[in-house]
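So the structure is just underneath, and the comments pick up after that.
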Amino acid sequence: MFKFINNIKFKAKLNVFVALIFSLIILVSAILLYNAYLGKQDDLEFIDQTIRNNYDRNIKDQVDNVITLLDGIYEKYDSGELTFAEAQTLGADLVRDLRYDGEGYFWIDTIDGVNVVLLGSDTEGTNRYNFFDSNGVPVVKKCIKIALESESGYIDYWFPKANQTQPVMKRGYVKLFVPFNWVVGTGNYIDDINKSIEDKRKDIDTAFQNQIFAISVLFLLLIIGTISLVSFFAKSITIPLQKTTHLANLISNGVLDEHIDNNIKKRKDEIGQLATSIEKMRNSIKQLIDALTENAKMLELEKELFGTTLKSIGDAVISTDQNENIVLMNTVSEELTGWKQEEASGKPFEEVFKIINEYTREKCVNPVTKALQLKKVVSLENHAVLITKNGDGIPIEDSASPITDMNGNIIGAVLVFRDVTDQKEKQKKIEYLSYHDQLTGLFNRHFFAEEIKRLDVDRNLPFTIAMVDVNGLKLTNDAFGHEVGDLLLQSVAKVLKSECRAEDIVSRIGGDEFVILLPRTSSVEAELIIKRIYKAMELQKVDNVVISASIGWETKESSHDDIREVFAKAEDFMYRKKITESQSMRNQTIKVIMHTLHEANAREKIHSERVSKLCRKIGEAMKLDNEVIKELELAGLMHDIGKIAINNDILNKPGKLTEAEYEEVKKHPEISYHILKSADVYTRLAEYVLSHHERWDGKGYPRGLSGEDIPLVSRIITVADAYEAMTAIRTYKGAFSHEQAIEELKRCSGTQFDPEIVHACQKYCWTRKGEF
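This is the structure we're talking about:
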């Protein structure tokens with residue numbers, strides 16, 4: 094064993110020692126990291142279990158509280174204070190208004206599946222025994238089963254959140270209330286629980302990473318210590334020997350400019366003698382090589398100049414000898430063909446440069462062969478495609494020329510070619526844009542005009558043309574913005590494209606107008622296709638926007654029919670349908686806009702309802718006609734509908750608005766006007782709403798009307814709006830008392846407000862103490 098160790102070189106012994114030390118350090122570090130990892134996993138499992146148990150306990154406690162509440166009500170029935178029906182009604186009303194943790198609510202179903210309580214929605218009173226969640230699970234049926242079999246229990250189910258389509262898991266708890274045969278339950282989305290667990294997981298990961306960092310620092314310190322120790326032993330023997338050996342290796346590789354350290358040559362031992370001998374050998378070899386080097390430099394300079402010139406050329410270049418074998422390839426040609434100079438050199442040109450026709454896929458004439466045969470410059474055939482080494486196709490353009498020596502003898506050929514992919518792609522893009530609508534991707538009016546001429550032949554009879562006009566596009570743009578309007582057009586285009594056949598031509602020919610060309614399609618067949626389109630539109634959703642379009646069609650039955658008259662009849666039919674369909678859609682859209690505004694901003698909902706109610710009371714105090722009062726009440730409710738187009742950050746800003754923000758808010762009467770004006774039933778309301786920020790003295794907006802030029806209904810809304818705004822609590826100000834608000838109305842009477850209406854408001858409010 095010792096004899097073997099003595100035969101090992103000193104450097105090898107040091108390497109063995111270092112390897113042993115490193116192995117020990119790595120083993121200890123691995124053990125420490127493994128223990129830290131096990132601790133991390135235990136912590137993660139404990140936190141996950143704790144958070145989920147706490148959530149389950151909370152919703153169970155909430156349901157138990159409701160059961161306790163219902164027990165109290167049932168005792169009143171037992172004692173004779175309430176009838177059974179009164180007890181059930183009282184219990185349902187109390188549970189319906191209960192909330193916990195902000196948005197948590199409860200539902201109640203009978204054991205037969207009839208809903209008793211669900212946020213006061215239209216679902217109450219209906220049977221939802223077979224109601225399914227997003228994964229197809231009969232949720233109510235399953236809840237009732239749990240309650241009947243186990244009296245209580247947990248249930249998981251899936252529904253998307255508001256304004257989302259992706260289902261999210263909810264976890265609920267149900268319990269049977271036997272006296273009423275009710276199943277009481279609650280449930281919430283648990284993605285917040287998963288987020289909380291993930292936050293804890295990140296904290297543990299951070300701690301684990303800190304442990305890894307500490308172990309790494311310890312590992313590094315141990316390595317530095319070992320290296321320092323080994324360096325101390327190696328300095329006196331290994332390093333001088335390595336320097337001497339290194340110089341010998343350099344000399345063997347032709348490097349003669351290095352000199353050995355003088356301190357090593359001065360040594361009297363074998364290492365010093367070896368260094369001196371090697372230095373003498375280096376000097377001898379250098380003298381022999383210097384003469385050859387000087388001559389080689391000139392040749393190398395010329396070669397580098399040629400190579401640099403070749404590489405700097407933007408086109409690909411391949412040269413061959415007179416036998417058409419590859420001699421030279423530049424970098425660009427290597428990239429395009431997939432062949433390297435080293436592997437292609439000496440190979441036949443046609444093995445490396447394979448070209449075919451883009452359309453026929455037939456092999457093209459070899460340009461090098463043609464150039465050598467004709468002894469002149471030749472160009473590639475049109476539509477040539479280069480087949481690369483890996484089988485890809487690249488469209489190219491090229492030319493080949495013979496190479497001659499000083500005596501005019503052909504000694505080879507050179508091929509210059511370039512990739513024209515971008516050029517072809519740009520051409521295709523230009524062609525696409527010239528025939529397609531950029532917003533929807535459908536064909537455009539230019540393509541339609543050409544296509545209808547092409548299709549207007551006898552073999553396509555019967556030939557049906559369908560005109561499509563999107564209902565309420567301007568209303569959508571006014572209310573929700575042009576981006577949503579664009580989405581509406583894209584959705585309509587998607588439906589038209591998906592419901593039409595492959596051979597049908599769908600084009601967008603105007604802002605909200607589309608045309609469908611249906612060759613070899615009778616009127617009956619066209620009607621079936623259009624019914625499919627209507628049905629698909631009913632299922633399509635774009636945020637809160639109603640998707641609707643009016644479609645009219647006409648069929649060319651005979652070659653004697655003029656296609657222009659067919660088109661005109663289809664258009665006329667479409668406009669007749671639009672008269673009814675468009676109004677219905679606009680009425681529905683306005684209701685959606687009101688719902689969207691109030692859903693997004695609860696404060697606006699409360700404000701509109703209070704203004705509406707106060708308007709009615711002022712109208713009654715002024716003894717206005719019942720029809721006018723109804724109109725007044727509705728106008729008060731819808732007076733701020735235009736705020737749907739105002740940024741919620743501005744509407745809910747807690748501080749004072751900037752000048753730019755105030756100018757933005759001042760647009761809402763005109764927006765309200767355009768929205769309501771789009772539906773005939775709201776035409777008069779539009780005029781009232783437009784003027785509800787006008788002032789009695791003419792200093793209001795948007796038109797600067799004054800006095801009785803302002804509609805009476807608008808003047809009443811102005812007073813009601815101001816009173817409600819003063820007495821309501823806002824984040825940026827406290828609420829006025831009833832008396833303060835009346836005094837402010839009186840102070841501005843005759844300037845901002847109509848004095849007669851202020852008097853009527855004062856009379857009503859003083860009578861009812863401001864509780865309207």
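Following the numbering used here from start to finish, the sequence shown increments by one per residue and tops out at 865. Note that beta-carbon positions come from the ideal geometry of N, C-alpha and C, so glycine has one too.
If you draw a straight line from the Cα of ASP296 to the Cα of ILE140, it comes to about 11 angstroms. Remark: C-beta atoms of ALA779 and ILE686 do not approach each other more closely than 9 angstroms. DSSP places LEU838 in no beta strand (DSSP E) but in the uninterrupted alpha helix (DSSP H) bounded by 831 to 840. Boundaries of the beta strand (DSSP E) harbouring PHE270: 260 to 270, taken from the DSSP string. In the structure shown, THR369 falls within a helical segment according to DSSP collapsed to helix, strand and coil.
For ALA779, the uninterrupted alpha helix (DSSP H) run begins and ends at 776 to 783, by DSSP. For ARG788, no alpha helix (DSSP H) run applies, since DSSP gives it neither H nor E.
Put simply, the backbone Cα of ILE523 is about 25 angstroms away from that of SER591. Under the three-pair Cβ rule at 8 angstroms, the segment 569 to 585 counts as touching the segment 619 to 636.
Scanning ALA629, ASP562, LEU566, ARG613 for the CA closest to the CA of ILE602 turns up ASP562. Annotated as proximal: TYR781 and VAL806, with beta-carbon spacing under 9 angstroms. For VAL721, the enclosing alpha helix (DSSP H) stretches over residues 719 to 731. For ARG709, the closest of CYS854, VAL617, GLU428, TRP251 by C-alpha to C-alpha distance is CYS854. Between the segment 835 to 855 and the segment 782 to 792 there are three or more inter-stretch CB-CB distances shorter than 8 angstroms, so the stretches are counted as touching. By the neighbour-count criterion, in which 16 or more other beta carbons inside 10 Å mark a residue as buried, ALA542 falls on the exposed side. Counting along the chain, SER494 sits inside the beta strand (DSSP E) bounded by residues 486 to 497. When the beta-carbon positions are compared, LYS234 and TRP251 stay at least 9 angstroms from each other. Boundaries of the beta strand (DSSP E) around PHE199: 199 to 203.
For VAL812, the three-state secondary structure derived from DSSP is helix.
Between the beta-carbon of LEU421 and that of LEU479 there is about 18 angstroms, and that puts the pair past the 8 angstroms contact cut. By the criterion of at least three beta-carbon pairs nearer than 8 angstroms, the segment 457 to 471 is in contact with the segment 489 to 501. Collapsing the DSSP output to three states places PRO441 in a strand. In this chain, the alpha helix (DSSP H) harbouring LYS770 covers 761 to 770. The C-alpha of PHE660 is placed about 36 angstroms away from the C-alpha of ARG777. THR514: member of the alpha helix (DSSP H) spanning 514 to 528, first to last residue. Bridge pairing for ILE598: LEU610 [DSSP].
For LEU241, the closest of TRP275, GLU436, GLY229, VAL210 by C-alpha to C-alpha distance is TRP275. Out of ASP205, THR481, ALA619, LEU838, the CA that lies nearest to the CA of ALA559 is found in ALA619. For ALA409, the CB contacts under 6 angstroms within the same chain, skipping 5 residues up- and downstream, are VAL425, SER426, LEU429, PHE510 in chain order. By the CB criterion at 9 angstroms, LYS698 and ASN564 fall outside the cutoff. The shortest C-alpha to C-alpha distance from ARG552 to any of GLU650, LYS567, ALA477, ASP285 is the one to GLU650. A contact is defined here as three or more CB-CB pairs under 8 angstroms, and the segment 733 to 748 meets this definition with respect to the segment 760 to 774.
For PHE846, no beta strand (DSSP E) run applies, since DSSP gives it neither H nor E.
Looking at LEU610, VAL812, ILE317, ALA828, the one whose alpha-carbon comes closest to that of LYS839 is VAL812.
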